[in-house]
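Participant: Position one of the first sequence corresponds to residue 1 (full-length UniProt numbering), numbered consecutively onward.
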Amino acid sequence: MTKQRPLSSETSHTPAEKLLAWYDRHHRVLPWRVTPDDYRQGVRPDPYRIWLSEVMLQQTTVEAVKAYFLKFTGLWPTVQALADATEDDVLRGWAGLGYYSRARNLKKCADMIAMQYDGQFPQSVDGLKQLPGIGDYTSAAIAAIAFDIPAAVVDGNVERVVSRLFAIKTVMPQAKVEIRKFTEQLTPQNRPGDFAQAMMDLGATICTPKKPACILCPLNDNCAALSEGEPELYPVKAPKKARPVRYGAAFIIVSPQGEVYLRKRADKGLLAGMSEVPNSDWIAANECATPEHIMQLTSAERAPFAAQWLPSGSITHIFTHFELRLSVYKADVTSIPPSNNGWWVAQQNLGEEALPTVMKKAIGAALPDTFK
DNA sequence: AAACCGGGGAC
DNA sequence: GTCCCAGGTTT
1 MTKQRPLSSE TSHTPAEKLL AWYDRHHRVL PWRVTPDDYR QGVRPDPYRI
51 WLSEVMLQQT TVEAVKAYFL KFTGLWPTVQ ALADATEDDV LRGWAGLGYY
101 SRARNLKKCA DMIAMQYDGQ FPQSVDGLKQ LPGIGDYTSA AIAAIAFDIP
151 AAVVDGNVER VVSRLFAIKT VMPQAKVEIR KFTEQLTPQN RPGDFAQAMM
201 DLGATICTPK KPACILCPLN DNCAALSEGE PELYPVKAPK KARPVRYGAA
251 FIIVSPQGEV YLRKRADKGL LAGMSEVPNS DWIAANECAT PEHIMQLTSA
301 ERAPFAAQWL PSGSITHIFT HFELRLSVYK ADVTSIPPSN NGWWVAQQNL
351 GEEALPTVMK KAIGAALPDT FK
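#1: Could you work out which residue in Gln58, Lys107, Ile283, Ile363 is closest to Pro311 when comparing CA atoms only?
#2: Cα separation between Arg28 and Asp201?
#3: Within 10 angstroms of its Cβ, does Val154 collect 16 or more other Cβ (buried), or is it exposed?
#4: State yes or no: is the C-beta of Phe305 nearer than 7 Å to some heavy atom of the ligand FMN?
#5: Any chance you could list the beta strand (DSSP E) runs of at least 3 consecutive residues sitting entirely within the UniProt domain "HhH-GPD" (56-205), in chain order?
#6: Going by the DSSP bridge assignment, what does Ala323 pair with across the sheet?
#7: Using the three-state DSSP reduction, which class does Tyr234 fall into: helix, strand or coil?
#8: So, for Pro132: in the same chain, excluding its five sequence neighbours on each side, which residues have a beta-carbon less than 6 Å away from its beta-carbon?
#9: Whose C-beta lies closer than 7 Å to the C-beta of Gln4 among residues of the same chain, with five residues either side of it excluded?
#10: Does DSSP put Asp37 in a helix, in a strand, or in coil?
#11: Going by DSSP, name the residue or residues bridged to Ile215.
#12: Determine which residues share a DSSP beta bridge with Leu297 and list them.
#13: May I ask you to report which of helix, strand or coil DSSP gives Lys3?
#14: Look at the alpha carbon of Tyr329 and the alpha carbon of Ala307, and state the distance between them as a whole number of angstroms.
#15: Under the DSSP definition of a beta bridge, which residues are partnered with Tyr329?
#16: When the Cα atoms are used, what is the spatial distance from Leu91 to Leu270?
#17: Roughly how many whole angstroms lie between the Cα atoms of Val161 and Lys18?
#18: When DSSP labels each residue in this structure, what does Ile283 get in the three-state scheme?
#19: Candidates Ala346, Trp343, Tyr39: which alpha carbon is nearest Asn190's?
#20: Asp84: buried (16+ other C-beta within 10 angstroms of its C-beta) or exposed?
#21: Quick check on this structure: which residue in Thr78, Ser101, Pro77 has the alpha carbon closest to the alpha carbon of Asp88?
Structure follows, in structure tokens:
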């Protein structure tokens, strides 16, 4: 009696089994990742490195994270080492990566693990989710990848893959509930960590937002969106709102020794706890704003004190929810009026400060050789 | 549910 | 220019 064979490429393998077989051949090699072969040899991921990578990867591309991950693990190889660092150390290390509350929560979390958890990460989704900076996605990702717990790991890649597999018509973010349910249904008991990473690799390399490579996809037989003919229509998203423009002025203050004057931003709100050059408030102007009004918003009259302010160009910087246009002014001074509680930094040492990109742009406009 | 919170790369 | 990236927190 011969065994019945399927007529098409459709087999009895589950989507998870097909995806894991694809992952064994096509997985990305990343600095924080244990390869499937190494995992079979008994190698296990370091929960500290998985946590660190997952926080860095929140809304941030793999390519951008690599260098920061290597820098952080070099400076702070363990969660205890990170707990022993200062918050300013961590913010300086994070400068340029964005979403700086991640760095502040990272430090808080390291302190908690060191002080209250005996240096060990909780080995459950619920336990992990109690920690600062660890939400639905990151708790599931650490549980799955570091501890091989069959948690449903749903990031932007998985949302795209699953919404296409099942041709989910519900608009985002309302569709997240359905997507989670389907992801739980897909997640296997065997190799859940590799399954989560495989879903993300599939979304990053095959099931891409535009022009997905469906011909190469191990799940193309299972994909309802491909059957419909336009997989790139998923996930369905609502139109986005326009980004308002804010205006202001930044002031590069230079000492006789060529140092630049910096100060520290408030510990809440935009760029919290980071360093800055003195600058005005950033005011939104609607489309009806007159050129005179914008001139006023970007004027040297908004400086923290009177000086010979030299117009030194302007910069534009895009934040998540507004666009910022700053006029930049420079002045050489011999002293700073009191109540400007900042500090002086030699120009060649500015790279070691916790300067967000917008501030590096402003300094670069007035002092072009600073960040070469 | 919506707003807030960076920066950069691909197109 | 647009989109979106291994999202979390706050309101």
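Using N, Cα and C, we set each Cβ at its ideal position, and we do this for glycine too.
Facilitator: Reading from the atomic positions:
#1: Taking the first residue of the first sequence as 1, we reach residue 311 at position 311. Nearest option by C-alpha distance: Ile363.
#2: By 1-based counting over the first sequence, the position of residue 28 is 28. By 1-based counting over the first sequence, the position of residue 201 is 201. Arg28 and Asp201: Cα-Cα distance of roughly 7 Å.
#3: Numbered from 1 along the first sequence, position 154 holds the residue referred to as residue 154. Flag for Val154 reads buried.
#4: Here there are no bound small molecules, and the ligand FMN is not part of this structure.
#5: none
#6: Along the first sequence, read from residue 1 onward, the residue named residue 323 stands at position 323. Residue identity check: residue 323 is Glu in the sequence provided, not Ala. Glu323 is bridged to Val245, Ile318.
#7: Residue numbering aside, residue 234 sits at position 234 when the first sequence is read from its first letter. Note: Tyr234 maps to coil in three-state DSSP.
#8: As a working mapping, residue 132 is identified with position 132 in the first sequence. Correct list, in chain order: Asn105, Lys108, Cys109.
#9: Here residue 4 corresponds to residue number 4 of the first sequence, with the count starting at 1. Below a pLDDT of 50, predicted positions are generally treated as unreliable, and Gln4, at 49, falls in that range; no measurement from the model is reported.
#10: Within the first sequence, residue 37 is the residue found at index 37, counting from 1. It is helical.
#11: In the first sequence, counting from the first residue as 1, residue 215 sits at position 215. Its beta-bridge partners do not exist; DSSP assigns none.
#12: Residue numbering aside, residue 297 sits at position 297 when the first sequence is read from its first letter. Leu297 pairs with nothing; no bridge assigned.
#13: As a first step, residue 3 must be located in the first sequence, where it is residue number 3. Legend: pLDDT at Lys3 = 44, less than 50; position of this residue unreliable, value from coordinates given subsequently. The answer is coil: DSSP assigns Lys3 none of H, G, I, E or B.
#14: Your numbering for residue 329 matches position 329 in the first sequence. Your numbering for residue 307 matches position 307 in the first sequence. Using only the alpha carbons, I get a separation of about 10 Å.
#15: Within the first sequence, the letter at position 329 stands for residue 329. Phe251, Pro311.
#16: As a working note, residue 91 is residue 91 in the first sequence. As a working note, residue 270 is residue 270 in the first sequence. Cα-Cα distance, rounded: 14 Å.
#17: Within the first sequence, residue 161 is the residue found at index 161, counting from 1. Within the first sequence, residue 18 is the residue found at index 18, counting from 1. Near 14 Å, if we compare the C-alpha coordinates of Lys18 and Val161.
#18: Within the first sequence, residue 283 is the residue found at index 283, counting from 1. The answer is strand: DSSP assigns Ile283 an E or B state.
#19: Taking the first residue of the first sequence as 1, we reach residue 190 at position 190. When each option's Cα is compared against that of Asn190, the closest is Tyr39.
#20: Counting from one through the first sequence, the residue named residue 84 turns up at place 84. So Asp84 counts as exposed.
#21: Your numbering for residue 88 matches position 88 in the first sequence. For the residues Thr78, Ser101, Pro77, the minimum Cα distance to Asp88 belongs to Ser101.
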